[in-house]
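These notes are about the structure you will find just below.
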Amino acid sequence: MWWEFARAARFALLGTLLSFPISLALVVGPLAAPANASATDALLLTNQLRSAIGSPTVPADPRLTQAALNHANYSSANGVGGHFETAGLPYYTGYSARDRLIATGWTTSFVSEVATGGSELGGVQQLW
Numbered sequence: 053m054w055w056e057f058a059r060a061a062r063f064a065l066l067g068t069l070l071s072f073p074i075s076l077a078l079v080v081g082p083l084a085a086p087a088n089a090s091a092t093d094a095l096l097l098t099n100q101l102r103s104a105i106g107s108p109t110v111p112a113d114p115r116l117t118q119a120a121l122n123h124a125n126y127s128s129a130n131g132v133g134g135h136f137e138t139a140g141l142p143y144y145t146g147y148s149a150r151d152r153l154i155a156t157g158w159t160t161s162f163v164s165e166v167a168t169g170g171s172e173l174g175g176v177q178q179l180w
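Residue numbering for the sequence shown follows our numbering, beginning at 53 and increasing consecutively.
Here it is, written out as structure tokens:
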């Protein structure tokens, strides 16, 4: 049912944060930034994992969060998943992850994204 998709989509943002800093994924939509407790928990876990392997921790960025939420809203409203959006559909904010980040004010020449989902943080972590 739609609520199962929404629940899985909400936790897809967790997978995004595991490939932070520049990646996008699904969340339940439509939502508004700021990040919810699950996203905060995911970032905390991400930074714990990064620290454990000697990588620097990463801060949350409201532009990245907004771009991810925008794409999540698009994906949820249209019943789709994936990396690209189709102009003209509800919640369209840009064809690619880079387009969607630029729309939030982020300036970059390269963007990489990972879209994944699960029903809880531990399950998403195991995908990595």
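All C-beta atoms in this analysis are idealised placements derived from N, C-alpha and C, irrespective of residue type, glycine included. If you're wondering where the values come from, they're calculated on a predicted model, not measured in any experiment.
Rounded separation between residue i and residue j - CA only
{"i": "G131", "j": "Q100", "result": "33 Å"}
{"i": "S103", "j": "E165", "result": "21 Å"}
{"i": "S127", "j": "T159", "result": "24 Å"}
{"i": "F136", "j": "A167", "result": "11 Å"}
{"i": "T156", "j": "A124", "result": "14 Å"}
{"i": "A119", "j": "G133", "result": "15 Å"}
{"i": "T138", "j": "S148", "result": "10 Å"}
For residue j and residue i, believed in contact at Cβ under 8 Å, the rounded distance
{"i": "L97", "j": "Q177", "result": "6 Å"}
{"i": "L153", "j": "V163", "result": "6 Å"}
Span of the alpha helix (DSSP H) around residue i
{"i": "L141", "result": "Where L141 is concerned, there is no enclosing alpha helix (DSSP H), given that its DSSP letter is neither H nor E."}
{"i": "P114", "result": "114-130"}
{"i": "I154", "result": "149-155"}
Take every Cβ of the region 108-118, pair it with every Cβ of the region 137-144, and state whether three or more of those distances are shorter than 8 Å. no
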